[in-house]
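One structure is given below, encoded as structure tokens.
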RNA sequence: GGAGGAGUGGCAGAGCGGUUGAAUGCACUAGUCUUGAAAACUAGCAUACUUUACGGUAUCGGGGGUUCGAAUCCCUCCUCCUCCGCCA
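Numbering (our numbering), first residue to last: 17 to 441.
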């Protein structure tokens, strides 16, 4: 959520930013927001005035009763009743305006960082770092990971359909073991980089879903447990970031570094075709997420640190990868700057997104009421950042495909102490 | 799931219809004293919105209600504790 002060004071910058994001009717929306805020202020002032009078009179009534002047007291009562009627009208309008204002504000995306390239689709994303690592020469009979899975018994999608439905893979044998190895590897790497490990709940309440920006709007992406009004988390970002909802930090608390492994649940409504084949897109998958809460002055340095961490993981796994800087049109609603990490799948001959790292600046913290006290003792919004480090399914897909040999699938060195085997056969 | 008890400032803990945004203690910050520290003393110490300012309003788990007036009474939801039931 953008700040009202920004909307009032930096209108031109905002209009440019919204245009970059192809936001329609930006000027009219901003005008409407300012008008609503003006009305909110004036109705609040009016309401406060009426309430103040009521309070003063109530005090008088008490005094009059005590001194036995019941008749005078009753006369004042009538006056208060009249004021109360007036104030309830003003209050209704006040609440209405506040709600409208909030709805308008929630509809505005975050302002893109100046470095974000112009563009509308993923075609316009900037290649921030070209291919790094080597694409293996697999020859003509290279198999995609779903065929390899059938051959070696790594995961079973049909069994998932029987148990649950499409998009819920069942990992088996060495495949399950590989999964567990990756989780432990990623968690160890995050811990070594100073992130505190959490095991958060896999379901969150509405306040949490709102805090990180899943609600309103994206409820269609989350599984919802109606009986208890809970959402299955689409990413560990939600519970981890919400740990600091309604918190006022001290400056010396920065940076706050958290990591967590969780399954993630996404409905992925509307997906189809080659995109969803095999492990490319599933409803339940495992991911290790890193989250930081940072001082506004340092958040962009921190973003680069997080990128370096993720890059290190891909290098250790010996996977060919590249880094994209998302263009304005592809940028998430809440993000100011996002880097996507993609690994190259030699058998599918395409790039697979395995991580997304973003700085949200104050967009989330404004909703979360996550602040710190600055040198002057004023409460100020902190910045939040997060990134996948990493999401498993496409890493597994890439490992299977890129490391296939005639006598099995080679496990990268760093993983062998976790898997306990060096080949899937 | 059933019965009972409880939720007050960073913490502990009063207040249980009328100058209570809230006693007191601890913690914290600044000052005095001291070579320095401790102790003692003095002062300050919730958040948000609003006002040029003085100030005003809201918030005592959340929401709603009764009343001229609610932290205090009523309803409802949430959370915690105790006991019972069920259970990995």
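Here a beta-carbon is modelled for each residue, glycine too, at the ideal position from N, C-alpha and C.
Opposing strand residues paired with residue i [DSSP bridges]
i: residue 212; result: 274
i: residue 279; result: 302
i: residue 187; result: 171
i: residue 356; result: 340, 372
i: residue 21; result: Residue 21 is not bridged to any residue.
i: residue 293; result: According to DSSP, which records beta bridges pairwise, residue 293 is partnered with nothing at all.
i: residue 439; result: 426
i: residue 143; result: 340
i: residue 219; result: 248
i: residue 420; result: 425
i: residue 361; result: 366
i: residue 241; result: 246
Proximity test, residue i beta-carbon vs the ligand PLP heavy atom, cut-off 7 Å
i: residue 410; result: No copy of the ligand PLP occurs in the structure displayed, which carries no ligand at all.
Inter-residue spacing [alpha-carbon to alpha-carbon] between residue i and residue j
i: residue 388; j: residue 256; result: 18 Å
i: residue 346; j: residue 134; result: 10 Å
i: residue 122; j: residue 169; result: 46 Å
i: residue 196; j: residue 305; result: 15 Å
i: residue 41; j: residue 194; result: 50 Å
i: residue 343; j: residue 28; result: 21 Å
i: residue 312; j: residue 383; result: 16 Å
i: residue 431; j: residue 199; result: 10 Å
i: residue 301; j: residue 407; result: 8 Å
i: residue 276; j: residue 214; result: 5 Å
i: residue 280; j: residue 253; result: 10 Å
i: residue 51; j: residue 341; result: 36 Å
i: residue 84; j: residue 45; result: 58 Å
i: residue 81; j: residue 68; result: 20 Å
i: residue 157; j: residue 202; result: 31 Å
i: residue 155; j: residue 438; result: 22 Å
i: residue 166; j: residue 192; result: 14 Å
i: residue 350; j: residue 227; result: 11 Å
i: residue 208; j: residue 307; result: 15 Å
i: residue 405; j: residue 221; result: 25 Å
i: residue 62; j: residue 55; result: 10 Å
i: residue 324; j: residue 291; result: 28 Å
i: residue 436; j: residue 206; result: 21 Å
i: residue 270; j: residue 223; result: 24 Å
Residue i: first and last residue of the uninterrupted alpha helix (DSSP H) it sits in
i: residue 111; result: 86-122
i: residue 55; result: 42-82
i: residue 434; result: 429-435
i: residue 253; result: 253-258
i: residue 335; result: No alpha helix (DSSP H) holds residue 335; DSSP gives it neither H nor E.
i: residue 381; result: 379-384
i: residue 226; result: 222-227
Limits of the beta strand (DSSP E) - the one that residue i falls within
i: residue 405; result: 399-407
i: residue 266; result: 264-266
i: residue 37; result: Segment: none, residue 37 is in no beta strand (DSSP E) and carries neither H nor E.
i: residue 151; result: Element bounds for residue 151: n/a, residue is neither H nor E.
i: residue 424; result: 424-426
i: residue 347; result: Counting along the chain, residue 347 falls outside any beta strand (DSSP E), and DSSP gives it neither H nor E.
i: residue 248; result: 246-248
i: residue 388; result: 387-389
Pick from the options that is closest to residue i, judged by C-alpha positions
i: residue 70; options: 187, 52, 58, 98; result: 98
i: residue 164; options: 428, 61, 417, 245; result: 417
i: residue 309; options: 142, 248, 379, 242; result: 379
i: residue 362; options: 159, 94, 62; result: 159
i: residue 243; options: 251, 219, 79; result: 219
i: residue 422; options: 206, 59, 441, 106; result: 441
i: residue 18; options: 292, 294, 124; result: 124
i: residue 282; options: 294, 292, 267, 239; result: 239
i: residue 59; options: 26, 119, 107; result: 107
i: residue 49; options: 61, 36, 30, 64; result: 30
i: residue 2; options: 405, 120, 236; result: Residue numbering for the chain in the displayed model covers 17 to 441; residue 2 lies beyond these limits and cannot be assessed.
i: residue 181; options: 33, 208, 161, 298; result: 298
i: residue 414; options: 403, 217, 428; result: 428
i: residue 377; options: 127, 355, 391, 426; result: 127
Residues of its chain near residue i, where Cβ-Cβ distance is below 8 Å and the 5 sequence neighbours each way are ignored
i: residue 264; result: 387, 388, 389, 395
i: residue 411; result: 198, 333, 335, 359, 370
i: residue 147; result: 336, 337, 338, 360
Cβ shell of residue i (< 6 Å), same chain only, five flanking positions each side left out
i: residue 129; result: 352, 353
i: residue 458; result: Nothing can be reported for residue 458: it is not among the residues displayed for the chain, which extend from 17 to 441.
i: residue 444; result: Nothing in the structure corresponds to residue 444, since the chain is present only between 17 and 441.
i: residue 212; result: 274
i: residue 186; result: 172, 175, 176
i: residue 189; result: 169
Close-in-space but distant-in-sequence residues of the same chain around residue i (CB under 7 Å, 5 per side omitted)
i: residue 232; result: 122
i: residue 96; result: 70, 73, 74
i: residue 319; result: 353, 373, 375, 401
i: residue 53; result: 20, 117
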